[in-house]
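S.K.:
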Amino acid sequence: MPPRRRSVSESLTSDDLTALATALADGKRATVYMREATPSLGLAAGASARVISIDGTTVTVKPSGVDDELPYEADELRITKAAPPAPEKPKKAAPARKAAPKPAPAPTPAPAPAPAKKAAPAAKPAPAAPTTEPASPVAKKPAQKPAAKVVRRTGAKKPPASVTVTLFGSSDNEWSVAVTRGGRKPARSRTVAPDSVESALSELGDGTAFDAAASVLNAAREEAQRRVEELSRELQAARDALAALEGSAD
99 MPPRRRSVSE SLTSDDLTAL ATALADGKRA TVYMREATPS LGLAAGASAR VISIDGTTVT
159 VKPSGVDDEL PYEADELRIT KAAPPAPEKP KKAAPARKAA PKPAPAPTPA PAPAPAKKAA
219 PAAKPAPAAP TTEPASPVAK KPAQKPAAKV VRRTGAKKPP ASVTVTLFGS SDNEWSVAVT
279 RGGRKPARSR TVAPDSVESA LSELGDGTAF DAAASVLNAA REEAQRRVEE LSRELQAARD
339 ALAALEGSAD
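Under the working numbering, the residue at position 50 of the sequence shown is numbered 148, and the numbers go up by one with no gaps.
1) Using the Cα positions of Leu340 and Arg331, report the straight-line distance between them to the nearest angstrom.
2) For the alpha helix (DSSP H) containing Leu115, name the first residue and the last one.
3) Just confirm the distance between the C-beta atoms of Val261 and Arg279, as a whole number of angstroms; I'd bet it's less than 8 Å.
4) Less than 9 Å between the beta carbons of Leu122 and Ala172, yes or no?
5) Please return the same chain residues whose Cβ sits closer than 8 Å to the Cβ of Leu349, not counting the five positions on each side in sequence.
6) Starting from the Cα of Lys126, find the closest Cα among Pro258, Gly163 and Val149 and give me that residue.
7) Buried or exposed: Ser112, going by 16 or more other Cβ atoms within 10 Å of its Cβ?
8) Please classify Val130 as buried or exposed, where buried requires at least 16 neighbouring CB atoms within 10 angstroms.
9) DSSP three-state call for Val130: helix, strand or coil?
10) What number of angstroms, rounded off, separates the C-alpha of Ser138 from the C-alpha of Glu174?
11) So, at 8 Å on beta carbons, what are the nonlocal neighbours of Ser300 in its own chain, with the 5 sequence-adjacent residues on each side left out?
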């Protein structure tokens with residue numbers, strides 16, 4: 099019997115995550131592929147990306163031709179470049195043909211009844227000897243191997259440098275929101291206040307869009323705080339230098 103081929107899933111499975119994490123731990127290159135196109139990054143469906151780290155079901159990758167390291171969920175990626183073929187529908191078996199009924203045999207005349215004889219007394223049956231069946235040995239189950247643990251890299255996850263949130267609506271009163279991590283600023287976009295963005299996405303009620311925007315806003319706050327502290331140190335150093343010069347003049 100030929101060996102069964104392993105079925106390919108539409109997205110990354112737990113076995114795929116384990117295999118990718120093992121490859122990273124061994125220092126090998128691990129590659130995944132995008133399930134959907136990302137026009138803002140110039141990535142087509144099936145574009146390759148190098149795996150940087152794995153944290154649970156979040157995979158941080160560096161797509162080919164993109165400088166940023168971007169986090170993706172396992173259901174947004176797959177292990178093969180081409181999408182797996184759709185499973186074939188089982189063919190319906192043709193109904194079996196019914197055999198033609200055989201003609202009934204012609205009736206034969208019944209023989210004349212013979213004179214009845216006295217039946218001999220039936221012999222008593224001998225008691226059956228008890229039989230014992232050998233107990234079948236219980237088959238031992240093979241010890242199950244412990245599942246391989248997903249290796250996680252330590253360190254803080256790098257936030258995306260940019261994020262694009264697209265809101266779509268139609269006259270049929272159907273509304274949807276899409277999130278793209280990374281990419282360039284869309285053409286004909288208008289500037290809005292950062293605090294209004296966070297408030298609007300909070301009212302929108304989509305957790306993915308809110309988290310993506312919040313990660314960029316938090317990174318901007320941290321950078322602004324770092325710049326303030328740096329300028330404060332430079333200002334204090336300038337004041338100390340001025341005080342030293344005034345003291346030497348006296």
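Idealized CB from N, CA, C, for every residue including glycine.
Fair warning: this is a prediction, and the values are worked out from it, not measured in the lab.
M.R.: If we stick to the structure as given:
1) 14 Å
2) Ser112 to Ala123
3) 6 Å
4) no
5) Residue numbering for the chain in the displayed model covers 99 to 348; residue 349 lies beyond these limits and cannot be assessed.
6) Val149
7) Counting Cβ neighbours within 10 Å, Ser112 comes out exposed, since fewer than 16 surround it.
8) buried
9) strand
10) 16 Å
11) Phe308
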